[in-house]
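FYI, in full-length UniProt numbering the residues of the sequence shown are 1 to 315. To keep things clear, I will list the structure first and then write my remarks on it.
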Amino acid sequence: FEVPTQVTQMTNHMTCQDIFQIFAAFPPRTSLTPQVLQDRIEGHARSIGLQTSKSNIESVKWDDIGGLTEQKEQILTRLALPLTFQENQNLRTSGILLYGPPGCGKTLLAKAVANEFNIGFLNVKGPELLNMYVGQSEKNVRETFRRAKSMEPVILFFDEIDALAPSRSSQGDAGGVMARVVSQLASEIDELHSGDTPARVFVFGATNRIDLIDKGLLRPGRFDFSCFIGPPTSRKETVDMLKTQLRKVKLDEDVCLNQLMDILPSGVQLTGADTSGIVSNALLKSFNESGNFVVKQQHLIDAVADAMDTSDISV
Numbered sequence: 001f002e003v004p005t006q007v008t009q010m011t012n013h014m015t016c017q018d019i020f021q022i023f024a025a026f027p028p029r030t031s032l033t034p035q036v037l038q039d040r041i042e043g044h045a046r047s048i049g050l051q052t053s054k055s056n057i058e059s060v061k062w063d064d065i066g067g068l069t070e071q072k073e074q075i076l077t078r079l080a081l082p083l084t085f086q087e088n089q090n091l092r093t094s095g096i097l098l099y100g101p102p103g104c105g106k107t108l109l110a111k112a113v114a115n116e117f118n119i120g121f122l123n124v125k126g127p128e129l130l131n132m133y134v135g136q137s138e139k140n141v142r143e144t145f146r147r148a149k150s151m152e153p154v155i156l157f158f159d160e161i162d163a164l165a166p167s168r169s170s171q172g173d174a175g176g177v178m179a180r181v182v183s184q185l186a187s188e189i190d191e192l193h194s195g196d197t198p199a200r201v202f203v204f205g206a207t208n209r210i211d212l213i214d215k216g217l218l219r220p221g222r223f224d225f226s227c228f229i230g231p232p233t234s235r236k237e238t239v240d241m242l243k244t245q246l247r248k249v250k251l252d253e254d255v256c257l258n259q260l261m262d263i264l265p266s267g268v269q270l271t272g273a274d275t276s277g278i279v280s281n282a283l284l285k286s287f288n289e290s291g292n293f294v295v296k297q298q299h300l301i302d303a304v305a306d307a308m309d310t311s312d313i314s315v
């Protein structure tokens, strides 16, 4: 049979060993169909932390991220120069740590950066690399960096990195397992930029608790740039973020986002996740009322009021 393009695209950034493992896992005389193959590829990709769908990355555009203007400029500069002037090793940024409260767009921002520069994106959740067997966690870290090098240029994104690299001075590290993992992670980052031709692997980390991360990883040469990703701090930034969330939504002519801001209690800060939930709720209210998805001002007002009733809104 002919393999659909969307299935072949899912193997982008996989290695020859990955392809071999995918087919080796099929039992003898398996009836191979495009759907069976797609399911197997997706399963393997999840096991190695690789984004399987190109749309997961390509659908995230720079303009999809409302606000964070200063942070976006800083990150763009740190990647644009090393990618443009590859012969100048002094421009290399070893690692970028995105920190701040949940729901503010750390993962979305990293995906948008990868799409902006048309480079690979290897997404790894820190806790998934940890293993109960002696030496296996360190091996998982080594394998992750090996895979990233085979995909370069690529962003290697460690989500929840505080779980993978807690302070080595903290209590409760039975057998020194976490200390060895942190040392392995530091060693792999150092190795990226050794030799005459450093790997074009841009290491990103994301955490809600930067205070928990081992200080050895925050020194220059490792995660040498920390960037706070938080909720908007001004009315204008909040309106801009809402405009971003609503730009693909059909709005009634009575919608006024500035007036919508007037109903927010003083000190309330909406995260990207908050505004996404508000827009989704407003669409649901519109459909329940009229059977269409034309959002009116009252739908947004009611959706904001619903959000205020939850305990997740930042104050």
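We put the CB at the ideal spot given by N, CA and C, even for glycine. Computed from a prediction, not measured in an experiment: that's the story for all the values here.
Thinking just about the alpha-carbon of each residue, which of the options is nearest to the one in residue i?
i, options, result
"Ser-183", "Arg-142, Val-7, Ser-290, Val-249", "Arg-142"
"Asp-252", "Asp-240, Phe-293, Pro-231, Phe-228", "Phe-293"
"Tyr-133", "Ile-19, Leu-98, Met-178", "Met-178"
"Met-151", "Gly-176, Leu-81, Gly-230, Asn-123", "Asn-123"
"Thr-233", "Leu-246, Arg-209, Gln-38, Val-268", "Val-268"
Taking the alpha-carbon positions, what's the residue i to residue j distance?
i, j, result
"Thr-8", "Asp-159", "27 Å"
"Leu-257", "Gly-103", "21 Å"
"Val-3", "Arg-146", "28 Å"
"Gly-205", "Ala-110", "9 Å"
"Arg-276", "Ile-65", "In the sequence as displayed, the identity of residue 276 is Ser instead of Arg. One C-alpha to the other measures close to 11 Å."
"Pro-220", "Lys-248", "41 Å"
"Gln-35", "Ala-25", "15 Å"
"Ala-199", "Glu-191", "9 Å"
"Lys-250", "Gly-67", "21 Å"
"Ile-301", "Asn-288", "15 Å"
"Gly-216", "Ile-278", "40 Å"
"Ser-286", "Met-308", "19 Å"
"Gln-17", "Leu-32", "20 Å"
"Gln-136", "Leu-129", "9 Å"
"Gly-100", "Leu-218", "16 Å"
"residue 322", "Phe-225", "Given a span of 1 to 315 for the chain in the structure shown, any question on residue 322 remains unanswerable."
To which residues of the same chain is residue i closer than 6 Å at the C-beta, ignoring the five residues directly before and after it?
i, result
"Ser-53", "Here Ser-53 scores only 43 on pLDDT, less than 50, and its place in the model should not be relied on; the value that follows carries that caveat. Correct list: empty, nothing qualifies."
"Asp-214", "Ala-165, Ser-167, Arg-168, Val-182"
"Glu-116", "Trp-62"
"Leu-242", "Leu-257, Thr-275"
Are the beta-carbon atoms belonging to residue i and residue j less than 8 Å from one another?
i, j, result
"Ala-273", "His-299", "no"
"Thr-238", "Leu-270", "yes"
"Ala-163", "Gly-126", "yes"
"Phe-202", "Ile-155", "yes"
"Ile-189", "Arg-222", "yes"
"Pro-153", "Leu-83", "yes"
"Ile-75", "Ile-96", "yes"
"Gly-120", "Ala-112", "no"
"Ile-229", "Leu-79", "no"
Can you list, in chain order, the residues of its chain with a C-beta nearer than 8 Å to that of residue i? Leave out the 5 residues immediately preceding and following it.
i, result
"Ser-266", "none"
"Ser-55", "Caution applies to Ser-55, whose pLDDT of 45 falls short of 50 and renders its modelled position unreliable; the value that the coordinates give is listed next. No residues qualify anywhere along the chain."
"Thr-77", "none"
Given residue i, which residues of its chain have a CB within under 7 Å of its CB, disregarding the five upstream and five downstream residues?
i, result
"Asp-306", "Asn-281"
"Asp-254", "Lys-296, Gln-297"
"His-193", "Arg-92, Ser-94"
"Thr-11", "Ile-19, Ile-41"
"Asn-131", "Ser-137, Asn-140"
Any beta strand (DSSP E) of 3 or more consecutive residues that is wholly inside the UniProt domain "AAA+ ATPase" (92–233): 95–99, 120–125, 154–159, 201–207, 225–228
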